[in-house]
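Step one of this worksheet: look at the structure below.
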Amino acid sequence: MLQSIELPRQLDVRPLPAPVHAMVHDLRCRIEAFQDRWDMPQIEQFVAADYQLVYQTLAWIRESQMLIGNRFVEWGCGFAAVTLMADALGWEAVGIESEAVLIEHGRQTLADWCGPLRADTAGPTASSPELVLGNFLPPGAEDLADDPTLPSLGHLTESAYRELGLGVDDFAVVYSYPWPGEDQFHEQVFDRYAARGAILLQFCGPNDMRAWRAVSRA
Numbered sequence: 001m002l003q004s005i006e007l008p009r010q011l012d013v014r015p016l017p018a019p020v021h022a023m024v025h026d027l028r029c030r031i032e033a034f035q036d037r038w039d040m041p042q043i044e045q046f047v048a049a050d051y052q053l054v055y056q057t058l059a060w061i062r063e064s065q066m067l068i069g070n071r072f073v074e075w076g077c078g079f080a081a082v083t084l085m086a087d088a089l090g091w092e093a094v095g096i097e098s099e100a101v102l103i104e105h106g107r108q109t110l111a112d113w114c115g116p117l118r119a120d121t122a123g124p125t126a127s128s129p130e131l132v133l134g135n136f137l138p139p140g141a142e143d144l145a146d147d148p149t150l151p152s153l154g155h156l157t158e159s160a161y162r163e164l165g166l167g168v169d170d171f172a173v174v175y176s177y178p179w180p181g182e183d184q185f186h187e188q189v190f191d192r193y194a195a196r197g198a199i200l201l202q203f204c205g206p207n208d209m210r211a212w213r214a215v216s217r218a
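Residue 85 in the UniProt record's numbering sits at position 85 of the sequence shown, and the numbers go up by one each step.
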């Protein structure tokens, strides 16, 4: 069972560290250039989130919520912006992505910005953030879907957890940006596989952040 975490109003007025602001601007430019390319197929499921609001929400969770551990995973990391921000805030951060070209861009993001963000924010871990090519759904999770056409079911790569040597229940915080109409499916997967006390954070669209805590295993 999941319990909703009430997020404070006006999270978007929280101060943003200068390197985070610079990183967000840089990634917006990179993503726009990537999506404007005509010489390669478009990845329709890759849409940038409001990274500033995501960071502000993550910082609030880090400050105010009881955490059962220090591992963080981003489901569908794209250019790895959220994985990078979680690392800067002190989590042992992992990003999972099914598209090899996005993993390449994500690794470039980490190479360019991990140092500047760590230098300016409190609490980075000793380990570097990790990006893994694979499916963020654990084996069998597709059985929870009522709609077989959900975008999250279309990834043909193997589940990433075997390579990681971890399961969903090893992470204290899971972040996802569900495609419209599949937010409930992500919640069901988290409910089934996450550890009790873990937190699911979702960006569901402009000014729409949601947070849940697993209070019992489904």
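Cβ coordinates follow ideal geometry from the N, Cα and C atoms, glycine included. Quick caveat, the model's predicted, so the values are computed rather than measured.
- Contact between ALA48 and ILE31 holds: CB atoms are separated by about 5 Å, below the 8 Å threshold.
- The beta carbon of PHE72 sits closer than 6 Å to those of ALA86, TRP91, ALA93, VAL173, all from its chain and outside the five residues before and after it, given in chain order.
- In the DSSP assignment, TRP75 falls outside any alpha helix (DSSP H) and within the unbroken beta strand (DSSP E) covering 71 to 75.
- Around the beta carbon of GLY95, 16 or more other beta carbons lie within 10 angstroms, which makes this residue buried.
- Counting other Cβ atoms within 10 Å of its Cβ, LEU156 stays below 16 and is therefore classed as exposed.
- Close CB contacts of LEU117 within its chain, under the 6 Å cut and outside five residues either way in sequence, are with PRO19, ALA88 (chain order).
- Assignment of TYR175 by DSSP, reduced to helix, strand and coil, places it in the strand class.
- Judged by DSSP secondary structure, ALA88 falls within the alpha helix (DSSP H) whose first and last residues are 81 to 88.
- In the three-state reduction of the DSSP assignment, MET66 falls in the coil class, being assigned neither a helical nor a strand state.
- Two segments are said to touch when three or more pairs of C-beta atoms, one from each, lie closer than 8 Å; by this definition the region 2 to 11 touches the region 202 to 213.
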